[in-house]
Amino acid sequence: MFSSRMSLTQSSLLYGQLDDLQELAFIERPIRRSLKTAEEIDQLTVDEDLNDIERAVYLLSVGQEVQRVSVISNLPSLVRQNPAETFRRVVPKVREVLNGSGAETQLAAAASFLTILQDDIILIHTHTYSILKTVLLHLNHRDTVVSNAWLETLLSAINALPKETIKQEVLNPLLYQSQLSHSLQARLASCRILGKVACKFDSHIVKTELLPLARSLCQDVEFEVRACMCRQLESIARATGVDDTRTELLPELVELAGDEESSVRLAAFDTIINLMEMIDGDDRLHVVVPLVMSVCEASSQADESVAASLSFQFGKLCNGLAVSLSDEQKGRLLQRFKVLCVAGLQTEGNQTDINNESKLIRCNCCYNLPAMVVFADSAHFQSELYPSFSSLCCDPEVSVRRSAAASFHQVVKLLGSNVQIVHKELLVLLQDDALEVLDALMNHLEETLEAVLSRGENLTLDNKFPELLSALLLAEQKVGCSLRWRLHEKLLQRYSCLARLLPGEVLHQSFSPRIFIILTTNKVLPVQKEAARTFCTFLRYNRKQEQRQEMMERLIQDLAQGRSYWNRLRFLDVCETATEIFSRKYFNKHFLIPALELVHDPVANVRYKLCQLLPRLHSSLRLPGDKQLLQQLDFCVQKLLCREKDKDVVATIRKTVLELDKLDLTEPFHKRQERDLLDQKKEKEETLLLEMLERQQTEGKLNSEKHTERKRRESKTSLSATKSMSVSSSGAALSSGKDMRKAKLSRSRSLSSQPTTSKPANSDRPLKVKELSSTSGPGKSSMLQSKDDSLRTAHFTMATQSTPSMPVLIRSNTTSLLDRASTLDHRTSSMDHRSSSVDQRDHRSGTLDHRTSSMDHRNNMVDQRTSTLDQRDHRTSSLDQRSKTMDRGCGLKDSQSRKLSINRKSNSFSVQSGRD
Numbered sequence: 083m084f085s086s087r088m089s090l091t092q093s094s095l096l097y098g099q100l101d102d103l104q105e106l107a108f109i110e111r112p113i114r115r116s117l118k119t120a121e122e123i124d125q126l127t128v129d130e131d132l133n134d135i136e137r138a139v140y141l142l143s144v145g146q147e148v149q150r151v152s153v154i155s156n157l158p159s160l161v162r163q164n165p166a167e168t169f170r171r172v173v174p175k176v177r178e179v180l181n182g183s184g185a186e187t188q189l190a191a192a193a194s195f196l197t198i199l200q201d202d203i204i205l206i207h208t209h210t211y212s213i214l215k216t217v218l219l220h221l222n223h224r225d226t227v228v229s230n231a232w233l234e235t236l237l238s239a240i241n242a243l244p245k246e247t248i249k250q251e252v253l254n255p256l257l258y259q260s261q262l263s264h265s266l267q268a269r270l271a272s273c274r275i276l277g278k279v280a281c282k283f284d285s286h287i288v289k290t291e292l293l294p295l296a297r298s299l300c301q302d303v304e305f306e307v308r309a310c311m312c313r314q315l316e317s318i319a320r321a322t323g324v325d326d327t328r329t330e331l332l333p334e335l336v337e338l339a340g341d342e343e344s345s346v347r348l349a350a351f352d353t354i355i356n357l358m359e360m361i362d363g364d365d366r367l368h369v370v371v372p373l374v375m376s377v378c379e380a381s382s383q384a385d386e387s388v389a390a391s392l393s394f395q396f397g398k399l400c401n402g403l404a405v406s407l408s409d410e411q412k413g414r415l416l417q418r419f420k421v422l423c424v425a426g427l428q429t430e431g432n433q434t435d436i437n438n439e440s441k442l443i444r445c446n447c448c449y450n451l452p453a454m455v456v457f458a459d460s461a462h463f464q465s466e467l468y469p470s471f472s473s474l475c476c477d478p479e480v481s482v483r484r485s486a487a488a489s490f491h492q493v494v495k496l497l498g499s500n501v502q503i504v505h506k507e508l509l510v511l512l513q514d515d516a517l518e519v520l521d522a523l524m525n526h527l528e529e530t531l532e533a534v535l536s537r538g539e540n541l542t543l544d545n546k547f548p549e550l551l552s553a554l555l556l557a558e559q560k561v562g563c564s565l566r567w568r569l570h571e572k573l574l575q576r577y578s579c580l581a582r583l584l585p586g587e588v589l590h591q592s593f594s595p596r597i598f599i600i601l602t603t604n605k606v607l608p609v610q611k612e613a614a615r616t617f618c619t620f621l622r623y624n625r626k627q628e629q630r631q632e633m634m635e636r637l638i639q640d641l642a643q644g645r646s647y648w649n650r651l652r653f654l655d656v657c658e659t660a661t662e663i664f665s666r667k668y669f670n671k672h673f674l675i676p677a678l679e680l681v682h683d684p685v686a687n688v689r690y691k692l693c694q695l696l697p698r699l700h701s702s703l704r705l706p707g708d709k710q711l712l713q714q715l716d717f718c719v720q721k722l723l724c725r726e727k728d729k730d731v732v733a734t735i736r737k738t739v740l741e742l743d744k745l746d747l748t749e750p751f752h753k754r755q756e757r758d759l760l761d762q763k764k765e766k767e768e769t770l771l772l773e774m775l776e777r778q779q780t781e782g783k784l785n786s787e788k789h790t791e792r793k794r795r796e797s798k799t800s801l802s803a804t805k806s807m808s809v810s811s812s813g814a815a816l817s818s819g820k821d822m823r824k825a826k827l828s829r830s831r832s833l834s835s836q837p838t839t840s841k842p843a844n845s846d847r848p849l850k851v852k853e854l855s856s857t858s859g860p861g862k863s864s865m866l867q868s869k870d871d872s873l874r875t876a877h878f879t880m881a882t883q884s885t886p887s888m889p890v891l892i893r894s895n896t897t898s899l900l901d902r903a904s905t906l907d908h909r910t911s912s913m914d915h916r917s918s919s920v921d922q923r924d925h926r927s928g929t930l931d932h933r934t935s936s937m938d939h940r941n942n943m944v945d946q947r948t949s950t951l952d953q954r955d956h957r958t959s960s961l962d963q964r965s966k967t968m969d970r971g972c973g974l975k976d977s978q979s980r981k982l983s984i985n986r987k988s989n990s991f992s993v994q995s996g997r998d
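FYI, in our numbering the residues of the sequence shown are 83 to 998.
Listed below in structure tokens is the structure:
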């Protein structure tokens with residue numbers, strides 16, 4: 083079974099190969115090497131020694147039709163090379179050839195003469211007359227296409243002809259051709275020529291000679307002639323002036339506006355709208371306004387061609403008549419515009435009309451949207467025009483949405499502070515599936531985003547802001563996935579404006595990573611270069627130093643030091659863009675060294691690109707400040723000259739060395755000075771950005787310090803409350819410790835008989851206490867009372883702790899007791915001083931307790947009492963620990979110092995007891 087299948091497959095392949103061979107054999111059959119005979123080849127052969135003028139004359143004389151057409155098409159080039167010889171020898175031959183020639187030769191001759199006249203190749207007064215005679219000779223050609231081509235050439239020649247020539251050669255035949263006996267084509271040409279020559283003469287000649295001819299053509303029996311002449315009345319009116327327009331032309335236009343043919347009525351209507359600024363207020367109110375209202379009412383019942391013309395002129399019409407319209411008439415015009423915005427969408431059976439006229443009407447409405455916003459006033463946009471605007475932005479036809487996107491930037495500018503009304507429509511257009519809509523929106527995206535994001539960083543608090551960012555990112559991804567790389571390039575170019583419109587944090591988190599991905603992954607070189615430019619723009623205007631450092635490190639690590647040579651090539655493109663965006667100082671600090679290190683790259687293409695970039699790198703250096711960088715660049719060049727093996731790189735570096743040698747000599751001084759001024763401006767802007775960054779950091783520190791100071795003040799208020807509670811609790815403890823104090827005083831008196839000697843350094847403070855205690859003036863009573871209270875509090879605490887064990891210590895070992903008592907009495911003042919520092923620490927803990935207690939106001943008093951008890955316990959433990967330390971060192975003191983300190987302490991206690 084398998085063998086039979088194999089045989090069938092092999093046979094089919096064999097027959098297929100045979101068919102291919104037969105086709106190849108048919109292709110390789112001998113064919114004629116030439117389609118021309120020997121005689122024809124001889125006729126087409128031209129002597130190579132002839133110059134261009136002689137060759138053109140020879141081919142026009144004896145050449146074939148195709149050769150003559152080629153010579154006539156090349157006539158503008160011959161005029162540029164040698165105008166005198168061309169007009170003396172070639173142009174007469176062209177006139178001879180045109181007599182009786184075909185349409186192809188006629189069209190080629192008309193196009194060549196039109197190019198000569200439009201490009202100002204020749205001297206007008208010298209050779210235009212010869213061209214004019216040729217044009218007038220073939221103006222009435224029987225072929226309509228050829229006749230129109232020669233007419234366009236004549237209209238272009240009128241701009242260059244003097245008045246006398248026009249009057250003699252153009253107007254006289256014009257009077258003859260405008261008669262009814264001539265053909266329709268001749269009368270139509272007369273209408274266009276009449277409108278063209280009106281601007282060449284003064285108002286008197288126009289009124290006396292041209293205006294009667296124009297009136298006769300407006301009354302022609304053919305409606306094409308009436309419509310054509312009606313459209314030329316605008317130029318005639320501007321040539322005659324305001325007064326003659328009101329008396330002579332406006333009645334004629336009003337009469338034509340009531341013509342039986344719709345094309346004539348539309349022509350008259352358009353002409354009246356174009357002449358609106360030349361019509362005074364009375365005529366607008368009594369003539370134009372009734373005419374406009376009648377046309378608007380008739381357009382709803384007439385064919386769609388009338389509505390299409392009305393929709394195109396609607397914005398200009400409404401703004402021209404705004405002063406003369408009443409509120410009721412304004413409302414009727416707005417209502418008519420709303421109907422035009424949905425033309426073709428509301429049909430029977432809820433089906434959409436796909437007529438081209440309906441699409442054209444809606445596109446014209448999109449074009450007139452800005453003018454209608456001005457007419458209706460932006461304050462009433464939401465109530466009057468927003469439904470129509472939203473309908474046009476969501477229209478089922480792509481052409482209508484494209485037109486809405488093209489005029490979107492003008493609408494948001496006119497809305498001003500009410501721009502948030504159209505935020506939804508902006509998102510709809512950004513998320514449109516048709517790339518044509520995005521293309522139209524991208525043309526003015528910078529102006530649109532500037533109007534939408536004008537509220538600055540406060541916009542981040544708006545819920546619509548993240549939606550706009552997501553729509554912008556999705557639009558880029560949609561364009562990036564398509565094959566429209568030119569649109570992608572345009573989009574990235576427009577996104578560079580976000581550097582000055584969005585907050586730096588949002589830009590760094592959302593857009594910079596995406597732009598970097600495009601830079602490293604996209605394969606289209608123009609898109610990569612535009613991504614590099616946008617990324618450098620984001621880097622330049624970023625105000626946070628850590629983010630700038632992060633972006634720069636990513637460029638170095640992923641591109642300059644990347645594993646792919648493609649990324650390293652992209653880094654050189656980034657360097658080329660960075661020289662245009664950054665100042666020389668910033669570029670030399672961050673980009674130059676990584677670029678020069680690529681001289682060691684193993685891929686020849688990277689070194690080749692570096693060689694091409696070396697002149698630009700060299701131009702960024704200035705001596706003597708960049709001396710070391712210049713030495714590194716010279717070392718890079720020497721390495722490439724000495725060790726390079728790739729022939730293309732060697733040829734490029736040799737060419738680059740010659741450019742570097744001539745760089746300073748060939749560049750003009752004024753260009754270098756302009757570049758230096760531009761660089762100074764860039765450096766100044768970068769310095770201002772850094773100063774703004776430092777100012778923001780300083781303001782942040784000041785704000786944090788102010789916050790800390792405020793917290794500290796709050797803690798002080800809580801500390802005062804804690805102190806008041808501690809005083810009340812200590813007053814309660816005074817009565818209970820009176821017996822303890824009496825026992826302490828008696829014990830001190832019993833020990834006063836022992837001989838003591840004290841050190842001079844330690845005897846000052848007890849003496850000061852004694853002196854203060856001996857003075858009993860009324861002014862110092864408060865101070866003494868405060869000191870006594872602090873001293874009393876410390877002693878009461880010690881007495882409370884040592885009272886239970888004191889009798890046992892006296893009976894067992896009197897010497898150790900004396901030592902301890904003398905040590906405690908001698909260093910009481912130092913303990914008081916230290917206890918104040920302990921109080922300060924306790925105050926800090928009280929501050930923390932107060933912060934905790936402020937969270938619960940109901941338990942405030944309980945928390946304060948608890949903090950007071952904690953302070954007392956902490957102070958008691960500290961004094962107990964210090965007393966143990968003092969016990970260890972009391973054996974070193976002699977007995978005389980003990981006695982003196984005890985006597986002084988006893989005196990201080992006696993004074994205290996007397997005061998109590």
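All C-beta atoms, glycine included, are put in the ideal place defined by N, C-alpha and C.
Closest residue to Glu167 among Ile599, Asp134 and Gln643 (Cα-Cα distance): Residue 167 sits at position 85 when you count from the first residue of the sequence shown. Cα-wise, what sits closest to Glu167 is Asp134.
Determine the contact status of Val228 and Leu189, defining contact as a CB-CB distance below 8 Å. Stepping through the sequence shown from its first residue, residue 228 is reached at position 146. Stepping through the sequence shown from its first residue, residue 189 is reached at position 107. Result yes, Cβ atoms of Val228 and Leu189 sit closer than 8 Å.
Would Ile275 be called buried (16 or more neighbouring beta carbons within 10 Å of its own) or exposed? If you number the sequence shown from 1, residue 275 lands on position 193. Flag for Ile275 reads buried.
In whole angstroms, what is the alpha-carbon distance linking Ser265 and Gly145? Here the question's residue 265 lines up with position 183 in the sequence shown. Here the question's residue 145 lines up with position 63 in the sequence shown. The alpha-carbon atoms of Ser265 and Gly145 are separated by roughly 35 Å.
Cβ-based neighbour list, Arg418, same chain, cut-off 7 Å, excluding 5 preceding and 5 following: Position 336 of the sequence shown, counted from the start, is the residue given in the question as residue 418. The answer, listed in chain order, is Cys378.
Since I believe Ala349 is in contact with Arg313 (beta carbons under 8 Å), could you give me their beta-carbon distance rounded to a whole number of angstroms? Translated into the one-based positions of the sequence shown, residue 313 becomes position 231. Translated into the one-based positions of the sequence shown, residue 349 becomes position 267. Contact holds; Cβ gap of about 5 Å.
Do the stretch 634-642 and the stretch 726-745 make contact, defined as three or more Cβ pairs closer than 8 Å? no
Coarse secondary structure for Arg645, derived from DSSP in three states: As a first step, residue 645 is located in the sequence shown; it is residue number 563 there, counting from the start. Here Arg645 sits in coil by DSSP.
With a threshold of 6 Å on Cβ separation, who are the neighbours of Leu422 within its own chain once the five nearest residues in sequence on each side are excluded? Position 340 of the sequence shown holds residue 422. Ser393, Ile443 and Cys447.
Buried or exposed for Gly397, going by 16 or more other Cβ atoms inside 10 Å? In the sequence shown, residue 397 corresponds to position 315, counting from 1. The residue in question, Gly397, is buried, as its Cβ has 16 or more Cβ neighbours within 10 Å.
Counting pairs of Cβ atoms below 8 Å between the stretch 655-666 and the stretch 628-636, do you hit three or more? no
Report yes if the C-beta distance between Cys718 and Leu678 is below 8 Å; otherwise report no. By 1-based counting over the sequence shown, the position of residue 718 is 636. By 1-based counting over the sequence shown, the position of residue 678 is 596. Yes, these two residues count as a Cβ contact at 8 Å.
If I follow the unbroken alpha helix (DSSP H) through Pro680, where does it start and stop? The residue given as residue 680 occupies position 598 in the sequence shown. Note that residue 680 corresponds to Leu in the displayed sequence, not to Pro. That residue, Leu680, is in no alpha helix (DSSP H); it is neither H nor E in DSSP.
Am I right that Ser344 and Ser387 are in contact with their C-beta atoms under 8 Å? What's the rounded C-beta distance? Within the sequence shown, residue 344 is the residue found at index 262, counting from 1. Within the sequence shown, residue 387 is the residue found at index 305, counting from 1. Yes, they are in contact, since the Cβ atoms of Ser344 and Ser387 sit about 7 Å apart, within 8 Å.
Member of Gln559, Asn222, Trp567 and Asp365 whose CA lies at the smallest distance from the CA of Pro595: Taking the sequence shown and counting its residues from 1, one reaches residue 595 at position 513. Per the Cα distances, Gln559.
Can you round the beta-carbon distance between Val172 and Ala138 to whole angstroms, since I take them to be within the 8 Å contact cut? Translated into positions along the sequence shown, residue 172 becomes position 90. Translated into positions along the sequence shown, residue 138 becomes position 56. Between Ala138 and Val172 the Cβ distance is about 5 Å, and since that is below 8 Å, they are a contact.
Measure the alpha-carbon distance for Leu508 versus Val346 and round it to whole angstroms. The residue labelled residue 508 in the question sits at position 426 within the sequence shown. The residue labelled residue 346 in the question sits at position 264 within the sequence shown. Roughly 40 Å separates the two Cα atoms.
To the nearest angstrom, report how far apart Glu532 and Leu583 are at their CA atoms. One-based indexing of the sequence shown puts residue 532 at position 450. One-based indexing of the sequence shown puts residue 583 at position 501. Going by the C-alpha atoms only, they are around 7 Å apart.
Three-state secondary structure assigned by DSSP to Lys572: Taking the first residue of the sequence shown as 1, we reach residue 572 at position 490. Lys572 falls in the helix class under three-state DSSP.
How long is the line joining the alpha carbons of Leu543 and Pro585, rounded to whole angstroms? For the purposes of this step, residue 543 is taken as residue 461 along the sequence shown, with counting starting at 1. For the purposes of this step, residue 585 is taken as residue 503 along the sequence shown, with counting starting at 1. Annotation note: pLDDT 43 at Leu543 (below 50); position unreliable, coordinate value reported separately. So the alpha carbons of these two residues sit roughly 12 Å apart.
When the Cβ atoms of the stretch 297-304 are set against those of the stretch 278-288, are three or more pairs found closer than 8 Å? no
From Gln631 to Asn670, what does the alpha carbon distance come to, in whole angstroms? Within the sequence shown, residue 631 is the residue found at index 549, counting from 1. Within the sequence shown, residue 670 is the residue found at index 588, counting from 1. In a straight line, the C-alpha of Gln631 is about 15 Å away from that of Asn670.
For a test of the three-state rule: what should DSSP assign to Gly182, helix, strand or coil? The residue labelled residue 182 in the question sits at position 100 within the sequence shown. Three-state result, Gly182: coil.
Which full runs of the alpha helix (DSSP H) of 4+ residues lie inside the stretch 217-304, going along the chain? 226-240, 245-248, 254-259, 266-279 and 293-300
Smallest Cα separation from Thr769: which of Gln575, Phe664, Ile154 and Arg483? Translated into the one-based positions of the sequence shown, residue 769 becomes position 687. Taking only the C-alpha atoms, the option nearest Thr769 is Phe664.
Once DSSP output is grouped into helix, strand and coil, what is the label at Ile361? If you number the sequence shown from 1, residue 361 lands on position 279. DSSP places Ile361 in coil when its eight states are reduced to three.
Under the three-state reduction of DSSP, which class applies to Cys400: helix, strand or coil? Position 318 of the sequence shown, counted from the start, is the residue given in the question as residue 400. Note: Cys400 maps to helix in three-state DSSP.
Excluding sequence positions up to five away, which residues of its chain have a Cβ less than 6 Å from the Cβ of Arg698? Position 616 of the sequence shown holds residue 698. Closer than 6 Å at Cβ, skipping near neighbours: Thr661.
What separation, rounded to the nearest whole angstrom, lies between the Cα atoms of Lys763 and Tyr668? Locating residue 763 in the sequence shown gives position 681, counting from the first residue. Locating residue 668 in the sequence shown gives position 586, counting from the first residue. When rounded, the distance between both Cα atoms is 13 Å.
Taking the alpha carbon of Glu334 as the reference point, which residue from Leu315, Glu342, Val324 and Leu555 has its own alpha carbon closest? Position 252 of the sequence shown, counting from 1, holds the residue named residue 334. The candidate whose alpha carbon is nearest that of Glu334 is Leu315.
Nearest by alpha-carbon distance to Phe195: which of Arg162, Arg414 and Val732 is it? Within the sequence shown, numbered from 1, the residue matching residue 195 stands at position 113. Considering only alpha carbons, the answer is Arg162.
Contact set for Ile318: own chain, Cβ-Cβ below 6 Å, skip 5 residues either direction: For the purposes of this step, residue 318 is taken as residue 236 along the sequence shown, with counting starting at 1. Once the five neighbours on either side are set aside, the close Cβ partners of Ile318 are Ala280 and Ala296.
Using a threshold of 8 Å, state whether the C-beta atoms of Asp326 and Lys278 are closer than that. Residue numbering aside, residue 326 sits at position 244 when the sequence shown is read from its first letter. Residue numbering aside, residue 278 sits at position 196 when the sequence shown is read from its first letter. Their beta carbons are not under 8 Å apart, which means Asp326 does not touch Lys278 by this criterion.
Which residue wins for smallest C-alpha separation from Leu712, given the options Leu742, Phe620, Gln261 and Val688? Position 630 of the sequence shown, counted from the start, is the residue given in the question as residue 712. Nearest option by C-alpha distance: Leu742.
What number of angstroms, rounded off, separates the C-alpha of Ser592 from the C-alpha of Val685? In the sequence shown, residue 592 corresponds to position 510, counting from 1. In the sequence shown, residue 685 corresponds to position 603, counting from 1. Those two C-alpha atoms are separated by around 34 Å.
Let me see if you follow: with CB-CB separation under 8 Å, is Val346 close to chain C or not? Here there is only one protein chain, and chain C is not present.
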